[in-house]
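Visitor: Keeping their order, the protein sequence lines are chains U and S. So the first sequence is residues 134 to 462, counted in this note's numbering. So the second sequence is residues 134 to 462, counted in this note's numbering. Every residue, glycine too, gets a C-beta built ideally from N, C-alpha and C. If you scroll down you'll find the structure; I have some questions about it.
Protein chains: 2
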Amino acid sequence: MKRLLTGDRPTGHLHLGHYVGSLKNRVAFQDKYESYIMVADVQALTDNFDNPKKVNENVLKVVEDNLACGIDPDKSTIFLQSLIPEIAELTVFFANLVSMARLERNPTVKDEVKQKDKFKDSLPLGFFMYPVSQAADILVVKGEIVPVGEDQLPHIEQTREIARKFNNIYGNVFPEPKGFVGDTARLVGLDNNAKMSKSLNNAIYLADSSDVVEKKVMGMYTDPNRVRATDPGKVEGNPVFIYHDIFNSDKEKVEELKARYREGKVVDVEVKKELISAINGFLEPVRERRVKYAGNDKLLTEILMDGTKRARKVAKETMKEVRESMRLF
Amino acid sequence: MKRLLTGDRPTGHLHLGHYVGSLKNRVAFQDKYESYIMVADVQALTDNFDNPKKVNENVLKVVEDNLACGIDPDKSTIFLQSLIPEIAELTVFFANLVSMARLERNPTVKDEVKQKDKFKDSLPLGFFMYPVSQAADILVVKGEIVPVGEDQLPHIEQTREIARKFNNIYGNVFPEPKGFVGDTARLVGLDNNAKMSKSLNNAIYLADSSDVVEKKVMGMYTDPNRVRATDPGKVEGNPVFIYHDIFNSDKEKVEELKARYREGKVVDVEVKKELISAINGFLEPVRERRVKYAGNDKLLTEILMDGTKRARKVAKETMKEVRESMRLF
C-alpha cells in the first residue's frame, strides 16, 4: 500500500478552503493509501515563533477538524511534527542538497517574500528552510501521495528534486512523491479575494455553527454592478455561485438560480439563503461527527499521541536506512 | 561547574594549528570545566555531502588525536554529533531567530563565500545553516566556555545573539557562551600561508612520525631574500622562528638562533634541525599516549559511544526545558 502524507498548520480551525483543497481527498484516500496526517506545529512556528501559545492552543483543534471531516484514526495516522525529531535530522541533511538560489526561485517562496515585504532583508533563515523541512515531512514516512493546495505544488517539485539527489548520491532510499490538488485548487474568499484564508478573515470554518454560516453568507461579496434585484447579474466568478457549484448538491436548483440571476429575476437574499442551506447541509455530518470530540481534549490527545507513536516508528525505520546509505558512523 | 563545548570536523587527523588554537586549552581546562568535545560529523558533511565515506573514516582518528593530546575520557565527554538529534531539533527552532541578512554579514561566512566562489549562486542552504547549527551544538549542552580558533569567533557572537533572543522570547534557558582563543590565534602554515590547513597541504599533523616531521620542517618556507647562510635574515614573520617561539621550550637557544640568523651567522639547516628536535620533543608525549589507542577501534568506539550517551542525557534535559519554555504541545 502506497503511503500518503499531508498536514495542516495549527494556527486556527480549518476552513472550507482546506476542505476542498486537501481534506476531501485525504478522507477519500484513507482506504486506498496508508495515510499520515501531520499537525505541523514546527512549521507553524516559522511564522509564529514569537507567539508559540497560538500554535500550541490550536493543535487539538486541527485534530478535531480532521476527525470531524471523517478521518478515521484507525485508518489514518494523525501525528505531531514536533515529536518526530527525525524530521529535523533529515532537514539538516537535506539542506546540503538544495541551493539557496533554487529556494529563492521557488514560486511560492517568491510570493511569500513579496507578502512579507515589511520584513525586507530581515527574513529569517527558517523561512527559507521550511520547503526543505516539508520535503523531510513527506520523505520521513516515504510518502508518495501528497494531497495539497495548489500553492504547495512547487514544494512537492522541490521534494522530488531532493529525493532524486539523495538517491543519486547515497543510494535509493526515497520515492518521488506526487502532489494531488483537489477539484477546487483554490477556494475564493467570502470577500472575493482569490484565496480563502484565516489571515484575510474571509473564511467559513468547518467548526462554524449554522448561525455563523448564515451571517457570513449574508455578508458575502456578489456582483458589485448589480444594484437592484431586477438588474441582470454576473454568475461567472461570483463567489456566491462558485460556492453553490461546490457545496450545493441540487444541481438543478443551482442552474435555475443562475438563469434567474442572469435575467435579474431573483433577489440576492434568495440566492444566499439557498447557499446557507446547502453549506449547512454539507456541514451537518461534520457537526455530528464533531460532537464526540469537541472539547474532549483527553480523547483528542490520546488519538494524537497514539498516531505520533506509529509515525515515529516509521520515521525511525527511514532514518536507519538514511544513516546506512549515508554511511554515518 | 561551568560547561565547556568544543569540537573538530572529522575530515582528517588534527594538526599543530588545531593544537595551539583549541586542543591545548581544552586539555588545560578539563579539570576546571565540565567538558564536552564534539566530533562534528554532521557539520563536516556540509562540505563533504558527496563524500560521506571521508567523514565516516575520520571519526575515530579525531577521537584518537584528542586522547593522544591528553584528553581524559573520564573527565571530558567526547561525543558524536550525528547521534544527538536534539541538535537538529534546536537548529530548526533557532533558524527562526536569525535573519539571512545577519548570516550573510557574518565575517567568517563572508570569507568562506569568497573562497567558494566557484559555487557562485549554487551555495547550498546547509552552508548558511551551519553557524546556526553550531549555536545548537554549544547551547544543547549549555556550554559557557568555547575554546576555538580565531575564525570561529563570529560564530560565537552569533550564538550569543541566538541565546539572547531565545531567552527574551521564551524565557531564560541558555547561557551566553564565551569564545576562548589560544595564545596563538592562528598558526602559520609550513608554506607561510596565514593558516595551517589540511586543504592547503601545509600542516604538521599530531600523528606525524618523527621522520615525517623532519622532512616537512626541512622543506619549510624561510626568509626568501636570504640566499646564502652569510646573508642577514629576517626573523619576524618567518614561520621557522614562529614555530620555534611556540614549540621550543629552550627560550635561550631560540634567542641565540635568532641573533645569529639576523647577523647571517647560521645556516638554515641548523635552525631547522633545532626546530625538528623541538617539535618532536613536544610530540613525544603525544605519541606515547597514542600507542594505547592507535588502531584500537574497539576502545575508541567504546569511549565515543560512552561519551555520546552522557552528552545525549544532557541534550535531552536541555530539550525538555526548551519545549516547556516554548510551550510546545
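#1: Under 8 Å between the Cβ atoms of leucine 178 of chain U and serine 232 of chain S?
#2: Below 9 Å on C-beta distance, what does leucine 137 of chain S contact in chain U?
#3: By how many angstroms is the C-alpha of phenylalanine 212 of chain U removed from the C-alpha of phenylalanine 462 of chain U?
#4: Can you tell me whether aspartate 364 of chain U is buried or exposed, with buried defined as 16 or more other CB within 10 angstroms of its CB?
#5: Check the DSSP bridge columns for histidine 288 of chain S and list the partner residues they point to.
#6: If we define contact as Cβ-Cβ less than 8 Å, is asparagine 229 of chain U a contact residue for chain S?
#7: Can you tell me whether DSSP reads phenylalanine 415 of chain S as helix, strand or coil?
#8: Per DSSP, what kind of secondary structure is valine 306 of chain U in: helix, strand or coil?
#9: With DSSP as the reference, label phenylalanine 261 of chain S as helix, strand or coil.
#10: Run through DSSP, which three-state label would aspartate 141 of chain S get?
#11: To the nearest angstrom, how far is the alpha carbon of leucine 200 of chain S from that of lysine 446 of chain U?
#12: Is the beta carbon of alanine 296 of chain S closer than 8 Å to that of glutamate 277 of chain S?
#13: Would you call the segment 188 to 196 of chain S and the segment 219 to 235 of chain S touching, i.e. three or more CB-CB distances under 8 Å?
#14: Using 8 Å as the threshold, is the segment 379 to 386 of chain S in touch with the segment 404 to 423 of chain S, meaning 3 or more CB pairs across them?
#15: Hey, how far is the Cα of glycine 370 of chain U from the Cα of phenylalanine 307 of chain S?
#16: Strictly under 8 Å for the Cβ-Cβ distance: is methionine 459 of chain U near chain S by that measure?
#17: Within the continuous beta strand (DSSP E) that includes glycine 312 of chain U, where are the two ends?
#18: Nearest-angstrom Cα distance between tyrosine 376 of chain S and valine 345 of chain S?
#19: Taking a cut of 7 Å between CB atoms, which residues from the segment 172 to 190 of chain U lie near chain S?
#20: Do tyrosine 169 of chain S and valine 274 of chain S have their beta-carbon atoms positioned less than 8 Å apart in this structure?
#21: Using only alpha-carbon positions, find the residue among S:Asp439, S:Ala340, S:Val350, S:Arg460 that is nearest to glycine 428 of chain S.
#22: Spatial neighbours of serine 458 of chain U within its chain, please: C-beta separation below 7 Å, excluding the five flanking residues on both sides.
#23: Classify arginine 238 of chain S: buried if its beta carbon has 16 or more other beta carbons within 10 angstroms, exposed otherwise.
#24: Between glutamine 291 of chain S and glycine 312 of chain S, which are expected to be in contact by the criterion C-beta below 8 Å, what is the C-beta distance as a whole number of angstroms?
#25: Note down the Cα distance separating glycine 203 of chain S from aspartate 180 of chain S, rounded to an integer number of angstroms.
#26: State the DSSP-derived secondary structure class of threonine 355 of chain U, mapped to helix, strand or coil.
#27: So which residues on chain S does alanine 268 of chain U lean against when the C-beta distance must stay under 8 Å?
#28: Determine the contact status of valine 373 of chain S and methionine 353 of chain S, defining contact as a CB-CB distance below 8 Å.
#29: Evaluate proline 418 of chain S with the Cβ neighbour count: other Cβ atoms within 10 Å of its Cβ, from every protein chain shown; 16 or more gives buried, anything less gives exposed.
#30: Quick check on the DSSP output: what are the complete alpha helix (DSSP H) runs of length 4 or more inside the segment 180 to 227 of chain S, in order along the chain?
#31: Going by DSSP, which residues form a beta bridge with glutamate 167 of chain U?
#32: Using CA coordinates, which residue listed in U:Ile436, U:Asn301, U:Asp316, U:Lys348 is at the minimum distance from leucine 323 of chain U?
#33: Tell me which residue opens and which closes the beta strand (DSSP E) that valine 279 of chain U is part of.
#34: Enumerate in chain order the residues of its own chain whose CB-to-CB distance from serine 266 of chain S is below 6 Å, with the five nearest sequence positions on each side excluded.
#35: Whole angstroms are fine: how far does the CA of lysine 391 of chain S sit from the CA of lysine 367 of chain S?
#36: Taking the Cβ atom as the reference point for each residue, do glycine 171 of chain U and glutamine 214 of chain U lie within a distance shorter than 8 Å?
Guide: The structure says:
#1: Here residue 178 of chain U refers to the residue found at position 45 when the first sequence is read from its first residue. Here residue 232 of chain S refers to the residue found at position 99 when the second sequence is read from its first residue. It is not a contact, given that the beta carbons lie outside the stated cut-off.
#2: On the second sequence, residue 137 of chain S is found 4 positions in, with the first residue counted as 1. Within chain U, no C-beta atom comes less than 9 Å from the C-beta of leucine 137 of chain S; the nearest is roughly 23 Å away.
#3: Locating residue 462 of chain U in the first sequence gives position 329, counting from the first residue. Locating residue 212 of chain U in the first sequence gives position 79, counting from the first residue. Computed Cα separation, rounded: 29 Å.
#4: Sequence index remark: in the first sequence, residue 364 of chain U carries index 231 (1-based). Burial state of aspartate 364 of chain U is exposed, judged by a 10 Å Cβ sphere holding fewer than 16 other Cβ atoms.
#5: The residue given as residue 288 of chain S occupies position 155 in the second sequence. According to DSSP, which records beta bridges pairwise, histidine 288 of chain S is partnered with nothing at all.
#6: One-based indexing of the first sequence puts residue 229 of chain U at position 96. Asparagine 229 of chain U counts as touching chain S.
#7: Counting from one through the second sequence, the residue named residue 415 of chain S turns up at place 282. DSSP places phenylalanine 415 of chain S within a helical segment (H, G or I) once states are collapsed to three.
#8: Numbered from 1 along the first sequence, position 173 holds the residue referred to as residue 306 of chain U. Secondary structure of valine 306 of chain U (DSSP, three-state): coil.
#9: Position 128 of the second sequence, counted from the first residue, corresponds to residue 261 of chain S. Secondary structure at phenylalanine 261 of chain S: helix, using DSSP grouped into helix, strand and coil.
#10: The sequence position of residue 141 of chain S within the second sequence is 8, counting from 1. In the structure shown, aspartate 141 of chain S falls within a strand segment according to DSSP collapsed to helix, strand and coil.
#11: In the second sequence, residue 200 of chain S corresponds to position 67, counting from 1. In the first sequence, residue 446 of chain U corresponds to position 313, counting from 1. Answer to the nearest angstrom: the Cα atoms are 37 Å apart.
#12: Residue mapping note: residue 277 of chain S aligns to position 144 of the second sequence, counting from 1. Residue mapping note: residue 296 of chain S aligns to position 163 of the second sequence, counting from 1. No, the Cβ-Cβ distance between glutamate 277 of chain S and alanine 296 of chain S is not below 8 Å.
#13: The segment 188 to 196 of chain S is not in contact with the segment 219 to 235 of chain S.
#14: Touching, per the Cβ criterion.
#15: The sequence position of residue 370 of chain U within the first sequence is 237, counting from 1. The sequence position of residue 307 of chain S within the second sequence is 174, counting from 1. Whole-angstrom Cα-Cα distance: 54 Å.
#16: The sequence position of residue 459 of chain U within the first sequence is 326, counting from 1. For methionine 459 of chain U, the answer is yes, since a Cβ of chain S falls inside 8 Å of its Cβ.
#17: The residue labelled residue 312 of chain U in the question sits at position 179 within the first sequence. Start and end: 311 to 314.
#18: To locate residue 376 of chain S, count along the second sequence from 1; it is residue 243. To locate residue 345 of chain S, count along the second sequence from 1; it is residue 212. C-alpha separation (whole angstroms): 16 Å.
#19: Across the segment 172 to 190 of chain U, CB contacts with chain S closer than 7 Å involve Asp174, Val175, Leu178, Thr179, Phe182, Asp183, Pro185, Lys186, Asn189, in sequence order along the chain.
#20: Locating residue 274 of chain S in the second sequence gives position 141, counting from the first residue. Locating residue 169 of chain S in the second sequence gives position 36, counting from the first residue. Yes, these two residues count as a Cβ contact at 8 Å.
#21: Stepping through the second sequence from its first residue, residue 428 of chain S is reached at position 295. Checking every option, the nearest Cα to that of glycine 428 of chain S belongs to S:Ala340.
#22: Counting from one through the first sequence, the residue named residue 458 of chain U turns up at place 325. Only Tyr303, Gly304, Val306 meet the Cβ criterion.
#23: Taking the first residue of the second sequence as position 1, residue 238 of chain S is located at position 105. Under this definition arginine 238 of chain S is an exposed residue.
#24: Numbered from 1 along the second sequence, position 158 holds the residue referred to as residue 291 of chain S. Numbered from 1 along the second sequence, position 179 holds the residue referred to as residue 312 of chain S. Going by Cβ atoms, the distance from glutamine 291 of chain S to glycine 312 of chain S rounds to 11 Å, so no, they are not a contact pair.
#25: In the second sequence, the residue the question calls residue 203 of chain S occupies position 70. In the second sequence, the residue the question calls residue 180 of chain S occupies position 47. Computed Cα separation, rounded: 29 Å.
#26: Here residue 355 of chain U corresponds to residue number 222 of the first sequence, with the count starting at 1. Residue state, collapsed to three classes: coil.
#27: Your numbering for residue 268 of chain U matches position 135 in the first sequence. Below the 8 Å Cβ cutoff, chain S contributes no neighbours of alanine 268 of chain U, its closest Cβ being approximately 11 Å away.
#28: Taking the second sequence and counting its residues from 1, the one referred to as residue 373 of chain S is at position 240. Taking the second sequence and counting its residues from 1, the one referred to as residue 353 of chain S is at position 220. Using a Cβ distance threshold of 8 Å, valine 373 of chain S and methionine 353 of chain S count as a contacting pair.
#29: Against the second sequence, residue 418 of chain S aligns to sequence position 285. Around the beta-carbon of proline 418 of chain S, fewer than 16 other beta-carbon atoms lie within 10 Å, marking it exposed.
#30: Complete alpha helix (DSSP H) runs here, min 4: 185 to 201, 218 to 227.
#31: In the first sequence, the residue the question calls residue 167 of chain U occupies position 34. Checking the DSSP bridge columns, you'll see glutamate 167 of chain U partnered with U:Arg136.
#32: Reading the first sequence from its first residue, position 190 is the one you call residue 323 of chain U. Nearest C-alpha to leucine 323 of chain U: U:Lys348.
#33: As a working note, residue 279 of chain U is residue 146 in the first sequence. 278 to 281 is the extent of the beta strand (DSSP E) around valine 279 of chain U.
#34: In the second sequence, counting from the first residue as 1, residue 266 of chain S sits at position 133. Excluding residues within five positions, the ones whose Cβ falls inside 6 Å are Thr224.
#35: Residue numbering aside, residue 367 of chain S sits at position 234 when the second sequence is read from its first letter. Residue numbering aside, residue 391 of chain S sits at position 258 when the second sequence is read from its first letter. Their Cα atoms are separated by approximately 9 Å.
#36: Looking up residue 171 of chain U in the first sequence gives position 38. Looking up residue 214 of chain U in the first sequence gives position 81. Checking the displayed sequence, the identity of residue 171 of chain U turns out to be methionine instead of glycine. In contact: methionine 171 of chain U and glutamine 214 of chain U (Cβ atoms closer than 8 Å).
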